[in-house]
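Chemist: Got a structure for you, questions after.
2 protein chains.
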Amino acid sequence: MPRPRLAEALFKPRAVALIGVSDDADKTTGRPLRFLRKHGYAGPIYPINPNRSAVQGEPAFARIGDAPGPVDHAYILVNTPAVEAAVTACAEAGVAVATILASGFAEAGAEGRERQRRIVEIARGHGMRLVGPNSLGIVNTQAPLALTANAAFAADALPRGRLTVLSQSGSLIGTLVSRGAARGIGFGKLISVGNEADLSVGEIGAAVADDPETDAFLLFLETIRAREEIARFAALAHRAGKPIIAYKLGRSDVGQALAVSHTGAMVGSDAAVDAFLRHHGILRVDHLEALLEMPPLILGRRPPSIGHSRVGVIATTGGGAATVVDRLGLLGVEVAPASADTLAKLRAVKVPEQSGPIVDVTLAGTRYEVMRPALDILMDAPEFALVLATIGSSAQFQPELAVKPIVDCAREKKPLAVFLTPQADETLRLLARQNIAAFRTPESCADAIAAYLAWQAPTATVTANTEKLARAAGMLRAIRGDVLDEQRSLVLFEALGVPVSRSHVIDPTKALPALPFPFPVAAKILSSDITHKTEAGGVALEITTSAELGERARELVSTARSRHPSARIEGVLVQPMERGVGEVLVGYRLDAQAGPVVTVGMGGTLAEIYRDYAVRVAPVALDQATEMTAEVRGFAALRGYRRRPPGDIAALAEVIAALSALAMVTERTILEAEINPLIVKAAGQGVVAVDGVVRLAPAQV
Amino acid sequence: MPRPRLAEALFKPRAVALIGVSDDADKTTGRPLRFLRKHGYAGPIYPINPNRSAVQGEPAFARIGDAPGPVDHAYILVNTPAVEAAVTACAEAGVAVATILASGFAEAGAEGRERQRRIVEIARGHGMRLVGPNSLGIVNTQAPLALTANAAFAADALPRGRLTVLSQSGSLIGTLVSRGAARGIGFGKLISVGNEADLSVGEIGAAVADDPETDAFLLFLETIRAREEIARFAALAHRAGKPIIAYKLGRSDVGQALAVSHTGAMVGSDAAVDAFLRHHGILRVDHLEALLEMPPLILGRRPPSIGHSRVGVIATTGGGAATVVDRLGLLGVEVAPASADTLAKLRAVKVPEQSGPIVDVTLAGTRYEVMRPALDILMDAPEFALVLATIGSSAQFQPELAVKPIVDCAREKKPLAVFLTPQADETLRLLARQNIAAFRTPESCADAIAAYLAWQAPTATVTANTEKLARAAGMLRAIRGDVLDEQRSLVLFEALGVPVSRSHVIDPTKALPALPFPFPVAAKILSSDITHKTEAGGVALEITTSAELGERARELVSTARSRHPSARIEGVLVQPMERGVGEVLVGYRLDAQAGPVVTVGMGGTLAEIYRDYAVRVAPVALDQATEMTAEVRGFAALRGYRRRPPGDIAALAEVIAALSALAMVTERTILEAEINPLIVKAAGQGVVAVDGVVRLAPAQV
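Line by line, the protein sequences are chains A and R.
Take 1 as the starting number for the first sequence in this note's numbering and just add one per residue.
Take 1001 as the starting number for the second sequence in this note's numbering and just add one per residue.
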């Protein structure tokens, strides 16, 4: 029997082994055998248990090597300390994929990390792949295969479907399956990826990106581990026309901390994760139930064209629709009244006169002969990118009548979201059967609509400017330490094409040379050991004469010496006083989850206080950089707020793009780089970087 | 028969009349008769229909006056144009309360407003009270009474309960009732208040605030109309120990606009509404379903003590609990690990070693003998103000087992919220039966927890400083116009106790007098017709000599004349240049919904851009004003962020309290007053108002 492809070994194994399966069908380690049988797995199942000749009434084998046939997939159910031996036995027996239930690996300190490293090494040495550890298993309703310890699969029958779920939390699979089953939403493949010691969400996704039985992917993420593989998965899924929708924990700091303690992952910033997902065309929802409810909204669709994002609303209950519309407003989604043309068409089909953004047909009753043509008119109206229909009590008492106009209308034209205000289980099921997106709560509905409208195709790769990169690489080769002081940082930025302030380093103990630029000037202590120079008394501004410069420079040095006795002081940096209409911060960072990102925000402390910055995966092209400048609320002044002179936004965008090219520098790994401040002058007069810092990963020797 | 009390006439009428009831029991205007009978109303029902001798098989009367007995409550079901005559007939027949179904009143332009005014006048002339117009009616499951046209009451049986619902949207009552029925959550009294032409939410609530059949009130609000009555209702309900929970539309601008078009209400700011509700001890939820799910969390409880707001979390599914905890983090709720003492107690009952803020009992299994003592320990732990229990698949497959530890634990000690991750209808019903707060979504659960922790008792009344108010009133008596220019505004503020900048008005066409303060000075054009003086070129700063002052003052006047040819220019105001560590804006406003509010935020455009301000109902006491200064994120610098010198926050708080006293001025109605900027000096050095404006309502002649 030839070794199967990864997708087959994972989801359609020809034979499975259960290592350490319990005789007690109710115990977690007994469930996989029970569930495989219950849900009708067709291939051979080899229970492996050295202590029993039969398990749950089936013949058992002492060792995997005793199994009478080859095994595509083994589920290792033994305790943590026994996992390594089981992995070895499976690998030696030629198993293609082993899934590991036990926890106590990378999420459990240094010892656990070492344990995890060893099992990966063993598996790789034999060409065996691993799922987990900490995996509740794998289900494929289409095969069928229920190779899982997840209690949710105790349910008698599960609706089949064409949604594939990849989850870092095993129990959340149960949440989705049971909630879906209650309203007729089925799943195809579901996998609990656990710690992703070997196979990651991205690699598993990529293996089934072209799966003909999958229409869309749902991800439940606690962290992002192998981002390059997620990127590859996203690109393949996009090419195959299969959207990926993610719910990701870690929106809040406590949520991020949870992900760490839970899975041993590193903490990054949620804004960076958001940028990463958007960059790769992955939709993100904020409400858990939206993950379940959203798919039909986008199945078979491509990301909407940017700037065309108005939502048309029709309702048999104005109050119910208002709950969604109010929420959409909070999410920045435009809900607009119909055009004069559309209103005229609505009048022609007896829809009462409308005012405001909701086409309210309450007064016309919820009759098919009004609702159907009204829906068709909205689906046809060029001013709307998406239509929301809100159905009131008819959804509860007359499900067939309530769904008929929705089912019959011109649904192919644009996405259609349905919010049902009452409890209306039958209507939810009827809509699910027709693959129509129906929502139980106004918040989930608004969340999904906003996610759809924010959806973008994976971002194109940015072309490198090889000449600038070579200059930057040359400069970095000369660097020995891990922190670039202000002067060297500016040299690096300049190599990448950032306009930087002229500067001149002086030694205050010697006679002052003539400066290559006129007064007034600023002077700053030059030391890579002193950060936050302003707070440290290390900056003097508005110096107007040579004598004053000498005096202030000596003061700077003595202040620095007294406050930071151990700091190495490289001199005093003198720069012309630069003036502009605003100061901004442009940053680059290697995020623990999202990888290289570029950030722009207000200078000073405001960006931090208000979390007001734009973030993108680096590098960015100029058009993306321009988009970023439009996102920062605090840049209202730079954009010419209230008659103030606008700043040179175009030059700012060029700097963002230039700094983001640090992601393409291969000479050294750049952990962090910051231009703070970048002085933005009036439109047409450019920008200039006056201060900055760069931190590098230790050089590899 | 004596005239009944309002509460009785509304919810327990001894006899009802249905004016214009249709013979077609399926039509909206036919339903009230059908529903009254279906749900077993015990008193006499008088169908009134001039065109039929029988309606739905019951004898009908041509006119209300023909009814054989007195009528406590009439439901007027006729078309809009016929309402006035019906109201007159009811009033003349001695009906106590008439509820009106038709729309087309205050929400429908000037004509509708006039129509509404007339029916109120007629009713008042006869001592009859009105509900609506635009009311879907009134239900009392305890009476029983289903005097309603709401299709939701077509359901065969409705669970009774002790929650009373007051809703500005009739259809939302159907949403609550049907969703509640599906999970065993029942209601007592429900009323669709419609336009509140006569009886408002507040007056109706006040009438039943001491209702022995009501445990809590739920409000669905689109706007706030009669705020004084809501305040009275809130005070009575608080005294009776009955919490009020509100869901209010209008969080977003589009939501506010909807409320206007829908109900003819005025727009105010949502932050003011938030302040108003909190001021009166009304809890506000953000998720619609939380309105239904939250009540058991707080029944019989009082607002928590401020500063004690940590949440303890126990879970049989770590991933499921993380979805709530992450959300709580976003809402600023602290989820903290258990204390060492609590952890020791948990170990003693065999709960596995914990790290992080979630007590995860997954590994211990979901056994009663672990879960029950663990829950008791958390309910007992002094570090937690509230406990969240998250239950996974056992909620789906073993409802009795899943709820037993929750039902049995020491529930009286603090609020307990339960989040169920799977679809678990039976468990939801079991918990509802025990009056335990159970949540279907992590978002609704986090929303309710945050609302509970933010809950405050109604705020105490602030004592007036009669001397200052008398000074302010005296000053206002002398004002003729509706706008106070800068100088007069500062005089008014000073009367209230606000430190204001010294100032001197000069006439630039004449010889300059000696100034009563030293240079440098600032000069501003003085004109109540010119707002945004800086943008209008009406301000000159840092003037150092008398000659310069004369020149700059003449420039200001000529610039103002050329840019604002019709403005009346009263001179040039000269002030000392005031310097501080920050500039803030302190504002007072008569909000359309919330009434008088006081606001504090950053000066300049930042407060607006970031919506970063604190708002309270005015007047405020000094401790509330101090609280406000702590809420503004942008005041980090004033609070001494990053070694900067802190500002005089105490003096700032005094100014907030002083300005808020404008709410107690009765001489003129003050629409708006703004100190912008108030210069905040270093701690101990005070604050000073340097500019401001006051707008008054036109004086009554």
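For every residue, glycine included, the Cβ atom is placed at its ideal position computed from N, Cα and C.
E1353 of chain R: buried (16+ other C-beta within 10 angstroms of its C-beta) or exposed?
Modeler: exposed
Chemist: Along chain A, which residues have their Cβ under 8 Å away from the Cβ of D1253 of chain R?
Modeler: Chain-order list of chain A residues neighbouring D1253 of chain R: G329, by C-beta distance under 8 Å.
Chemist: Of all the CB atoms in chain R, is at least one closer than 8 Å to the CB of A169 of chain A?
Modeler: Looking at the sequence shown, residue 169 of chain A is not Ala but Ser. Yes, S169 of chain A lies at the interface with chain R (some Cβ there is under 8 Å from its Cβ).
Chemist: By how many angstroms is the C-alpha of H280 of chain A removed from the C-alpha of V267 of chain A?
Modeler: Because the pLDDT of V267 of chain A is 43, which lies under 50, any placement of that residue in the model is unreliable, and the number read from its coordinates should be weighed accordingly. About 20 Å.
Chemist: Would you say S1261 of chain R lies against chain A (beta-carbon separation less than 8 Å)?
Modeler: Per-residue confidence for S1261 of chain R stands at a pLDDT of 47, beneath the threshold of 50, marking its modelled position as unreliable; no derived number is given.
Chemist: Count the other CB atoms, across all protein chains shown, that sit within 10 Å of the CB of P1619 of chain R; report buried if there are 16 or more and exposed otherwise.
Modeler: buried
Chemist: Taking its Cβ as the centre, do 16 or more other Cβ atoms sit within 10 Å of D485 of chain A, making it buried, or is it exposed?
Modeler: buried
Chemist: Please look up how many angstroms separate the CB atoms of T390 of chain A and A315 of chain A, rounded, as I've assumed it's under 8 Å.
Modeler: Confirmed, Cβ separation roughly 4 Å.
Chemist: Does any residue of chain R have a CB that is nearer than 8 Å to the CB of A151 of chain A?
Modeler: Residue-level contact by beta carbon holds for A151 of chain A and chain R, with a gap shorter than 8 Å.
Chemist: Just to make sure I have the definition right: I need the residues of chain R whose C-beta is within less than 8 Å of the C-beta of D326 of chain A. Which are they?
Modeler: L1249, G1250, R1251, S1252, V1254, G1255, L1258
Chemist: Taking buried to mean at least 16 other C-beta atoms within 10 Å of its own C-beta, is P47 of chain A buried or exposed?
Modeler: buried
Chemist: Going along chain A, which residues have a C-beta under 9 Å from S1393 of chain R?
Modeler: N150, A151, A152, A154, S171, G174, T175, S178
Chemist: Can the beta-carbon of Y1588 of chain R be found less than 8 Å from the beta-carbon of S1660 of chain R?
Modeler: The answer is yes: Cβ separation under 8 Å.
Chemist: Look up A514 of chain A in the DSSP assignment and say whether it is helix, strand or coil.
Modeler: coil
Chemist: Within the 8 Å Cβ cut-off, does Y1368 of chain R reach chain A?
Modeler: The beta-carbon of Y1368 of chain R is placed no less than 8 Å from the nearest beta-carbon of chain A.
Chemist: Using a Cβ-Cβ cut-off of less than 7 Å, give me the residues of the stretch 1285-1299 of chain R that come near chain A, in sequence order.
Modeler: H1287, L1288, E1289
Chemist: Would you say L218 of chain A and L147 of chain A are within 8 Å of each other, going by their C-beta atoms?
Modeler: no
Chemist: Let me know the alpha helix (DSSP H) ranges lying completely inside the stretch 557-618 of chain A, each 4 residues or longer, listed in chain order.
Modeler: 606-610
Chemist: When you compare the CB of P81 of chain A with every CB in chain R, is at least one pair closer than 8 Å?
Modeler: no
Chemist: Note down, in chain order, each residue of its chain lying with its Cβ closer than 7 Å to the Cβ of M1628 of chain R, except the 5 sequence neighbours on either side.
Modeler: V1600, A1614, R1616, I1656
Chemist: What are the start and end residues of the beta strand (DSSP E) that includes P1047 of chain R?
Modeler: 1045-1048
Chemist: With 9 Å as the limit, tell me which residues of the stretch 124-147 of chain A have their beta carbon closer than that to any beta carbon of chain R; keep them in chain order.
Modeler: none
Chemist: Using 10 angstroms around the beta-carbon of P1350 of chain R, count the other beta-carbons present and answer buried if the total reaches 16, otherwise exposed.
Modeler: The sequence given here places Lys at residue 1350 of chain R; Pro does not occur at that position. Result: exposed.
Chemist: With C-beta atoms as the reference, is V1632 of chain R less than 8 Å away from D1612 of chain R?
Modeler: Yes, the Cβ-Cβ distance between V1632 of chain R and D1612 of chain R is below 8 Å.
Chemist: By DSSP, does S1528 of chain R sit in helix, in strand, or in coil?
Modeler: coil
Chemist: What are the boundary residues of the alpha helix (DSSP H) that A1651 of chain R is part of?
Modeler: 1649-1660
Chemist: Return yes when the Cβ of T99 of chain A is within less than 8 Å of the Cβ of G132 of chain A, no when it is not.
Modeler: The answer is yes: Cβ separation under 8 Å.
Chemist: Contact check, T466 of chain A vs G320 of chain A under 8 Å by CB: the rounded distance?
Modeler: About 58 Å separates the two Cβ atoms, so there is no contact after all.
Chemist: Based on Cα-Cα distance, which residue from R:P1070, R:R1034, R:V1021 lies nearest to S1053 of chain R?
Modeler: R:V1021
Chemist: Is there a Cβ from chain A that is less than 8 Å from the Cβ of F1397 of chain R?
Modeler: Under the Cβ criterion of 8 Å, F1397 of chain R is counted among the residues facing chain A.
Chemist: So, at 6 Å on beta carbons, what are the nonlocal neighbours of A152 of chain A in its own chain, with the 5 sequence-adjacent residues on each side left out?
Modeler: G174, V177, S178
Chemist: Taking 8 Å as the cut-off, decide whether the C-beta atoms of M294 of chain A and A448 of chain A are in contact.
Modeler: Result yes, Cβ atoms of M294 of chain A and A448 of chain A sit closer than 8 Å.
Chemist: Since I believe R34 of chain A is in contact with A25 of chain A (beta carbons under 8 Å), could you give me their beta-carbon distance rounded to a whole number of angstroms?
Modeler: That pair is a contact at about 4 Å.
Chemist: Between the Cα of M371 of chain A and those of A:D380, A:V361, A:M379, spot the shortest distance and give me the residue it belongs to.
Modeler: A:V361
Chemist: Kindly provide the ranges of any alpha helix (DSSP H) runs that are 4 or more residues long and lie completely inside the stretch 340-385 of chain A, ordered along the chain.
Modeler: 340-348, 368-380, all fully within the stretch 340-385 of chain A.
Chemist: Any residues in the stretch 414-437 of chain A with a beta carbon nearer than 7 Å to a beta carbon of chain R? Which ones, in chain order?
Modeler: T421, P422, Q423
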